[in-house]
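Last residue of the sequence shown: 299 in my numbering, with the numbers rising by one and none dropped.
Here a beta-carbon is modelled for each residue, glycine too, at the ideal position from N, C-alpha and C.
Heads up, the thing below is written out as structure tokens.
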Amino acid sequence: MYRVVTPQTDAELKSYYHLRWQLLRKPWQQPEGSERDEFDEYAHHRMMIDSSNKLVAVGRLYMSGDEAQIRFMAVVPECRDLGLGTRMVQALEQVARQQSARRLVMNAREEAVAFYSRCGFTVVGEGPISFGKIPHRQMIKALTSIHQIRHCSELCDELQSQWHRRIPISEKMGIRIIQYTGSRFKTKANLTANLNLHESMFAGSIYSQCVLTGWGLIWLQMQEFGLTGDIVQGQGDIKYLTPIWDEPSAEVQGRLREQLLPLQSGERVRIDLQVILYSGEQKAAIFNGRYVILPH
């Protein structure tokens with residue numbers, strides 16, 4: 004089992020920087036200390052450890068305005084091809100999103116361009132040449148902004164803010180709204196923040212994301228129609244189809260105006276919704292939930 008953690012103690016930071024030097028500077032005959040720069044003091048540092056607490060990967064994120072730069076990414080040779088690099092990128096991306104970054108930037112060595120392309124980055128130009136002989140390519144990944152949602156973006160902002168403020172687990176899970184069309188509502192969660200001991204998504208996290216996604220669709224449409232009430236879950240049933248190894252997204256659809264209108268006359272409303280959760284493009288779970296809206 005591998006975990007992404009933040010180096011905290013002096014010993015952890017020493018090991019973190021030493022591995023950076025071993026993997027990224029020593030092969031090019033650079034002295035120890037060359038793996039650090041003046042931005043380290045202000046950056047976000049992450050490292051990956053195995054079940055015996057052995058350090059196997061490192062990575063750094065530095066914020067500059069609404070732009071975040073990934074640098075000093077490396078995985079020990081014996082652990083490559085295990086997907087650890089992808090998980091480290093996802094962990095750094097999660098930090099960037101939490102810091103409200105609008106895009107990720109990086110300079111990738113030529114041999115790493117294909118890997119970062121699979122992580123969603125696009126080559127935009129030539130990068131620096133390190134040590135006078137290692138060419139890089141500049142790569143960028145735009146981060147989905149909640150303000151780019153075409154329908155009721157202000158309400159989506161408010162909903163996500165309420166989730167993170169009043170339901171702290173939603174922020175820890177990295178749940179974010181990525182689409183609302185007026186009838187179709189979609190969320191994503193950060194896989195790295197929701198892993199179980201099998202390195203797939205924890206069943207409780209799957210259930211929680213589905214519940215919140217259905218709840219969110221009802222809340223948004225209530226706001227649109229000028230209706231008030233307390234939304235609670237009355238019943239829920241979930242079927243797990245396959246382990247979730249890829250980025251989890253949950254989707255629900257429905258036009259609920261007619262069902263919600265009795266709230267105007269003080270009636271209690273019950274709404275049944277089906278939420279589909281995907282692992283990447285593969286359907287991974289089906290949640291059927293009953294929500295009850297109590298009129299104010």
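Of all the options the options, which has the alpha carbon lying nearest to the alpha carbon of residue i?
i: F205; options: P171, L230, R169 and P246; result: P246
i: I52; options: S133, A94 and Y5; result: Y5
i: E44; options: P138, W222, R168 and Y65; result: Y65
i: G232; options: V214, G123 and L263; result: L263
i: E157; options: K136, P298, L223 and N291; result: L223
i: L87; options: V59, I73, R105 and S67; result: V59
i: Q285; options: I178, A253 and Q141; result: A253
i: F290; options: Q238, R83, D160 and D69; result: Q238
i: R140; options: M225, N110 and C155; result: N110
i: I178; options: P251, T12, M142 and I143; result: P251
i: H299; options: A287, M225 and D240; result: M225
i: R74; options: G123, M142 and G219; result: M142
i: C155; options: Y183, H167 and R168; result: Y183
i: N199; options: M176, F124 and W218; result: M176
Given this structure, state the Cα-to-Cα distance separating residue i from residue j, to the nearest angstrom.
i: K321; j: K17; result: In the structure as shown, the chain starts at 4 and stops at 299, and residue 321 therefore has no counterpart that could be examined.
i: E113; j: L276; result: 48 Å
i: I221; j: L259; result: 7 Å
i: V61; j: Y19; result: 7 Å
i: R63; j: L95; result: 7 Å
i: L244; j: C213; result: 14 Å
i: A145; j: R105; result: 6 Å
i: R118; j: P34; result: The sequence given here has Phe at residue 118, not Arg. Between F118 and P34, the C-alpha separation is close to 28 Å.
i: V116; j: P138; result: 11 Å
i: N56; j: A14; result: 13 Å
i: R121; j: L107; result: 14 Å
i: M50; j: R83; result: 15 Å
i: G68; j: H21; result: 29 Å
i: R335; j: A46; result: Because the chain here runs from 4 to 299, residue 335 falls outside it and cannot be looked at.
Assuming residue i and residue j make a contact with CB atoms under 8 Å, what is their CB distance in whole Å?
i: I180; j: L162; result: 7 Å
i: S211; j: Q256; result: Their Cβ separation, rounded to whole angstroms, is 20 Å, which puts S211 and Q256 out of contact at 8 Å.
i: I274; j: Y294; result: 5 Å
i: V7; j: R90; result: 6 Å
i: F282; j: D249; result: Position check: residue 282 holds Ser in this sequence, whereas Phe was assumed. About 5 Å separates the two Cβ atoms, so the contact holds.
So, is the C-beta of residue i closer than 7 Å to a C-beta in chain C?
i: K191; result: Here there is only one protein chain, and chain C is not present.
Within 10 angstroms of its Cβ, does residue i collect 16 or more other Cβ (buried), or is it exposed?
i: P171; result: exposed
i: S173; result: buried
i: H150; result: Residue placement at H150 is poorly supported in this model, since its pLDDT is 47, which falls under 50; the coordinates still yield a value, given next. Result: exposed.
i: N197; result: buried
i: L297; result: exposed
i: T216; result: buried
i: Q32; result: exposed
i: H48; result: buried
i: K242; result: exposed
i: F228; result: exposed
i: F42; result: exposed
i: V92; result: buried
i: K191; result: buried
i: V272; result: buried
i: G36; result: exposed
i: G219; result: buried
Please indicate yes or no: does the CB of residue i lie closer than 6 Å to some heavy atom of the ligand GDP?
i: A196; result: Summarising the ligand content, the structure contains no ligands, and the ligand GDP is consequently not present.
Query - Sufficient close CB pairs (3 or more, under 8 Å) joining the stretch 260 to 269 to the stretch 198 to 213 - result: The answer is no - the stretch 198 to 213 does not touch the stretch 260 to 269, with fewer than three Cβ pairs under 8 Å.
Query raised in the report: Does the stretch 69 to 79 come within contact of the stretch 21 to 34, defined as at least 3 CB pairs closer than 8 Å?
Result: In short, these stretches touch, since the Cβ pair count reaches three.
Requested in this report: Taking 8 Å as the threshold, find out whether the stretch 90 to 100 comes into contact with the stretch 127 to 142 through three or more Cβ pairs.
Outcome: A contact between stretches requires three or more CB pairs, one per stretch, nearer than 8 Å, and the stretch 90 to 100 fails this requirement with the stretch 127 to 142.
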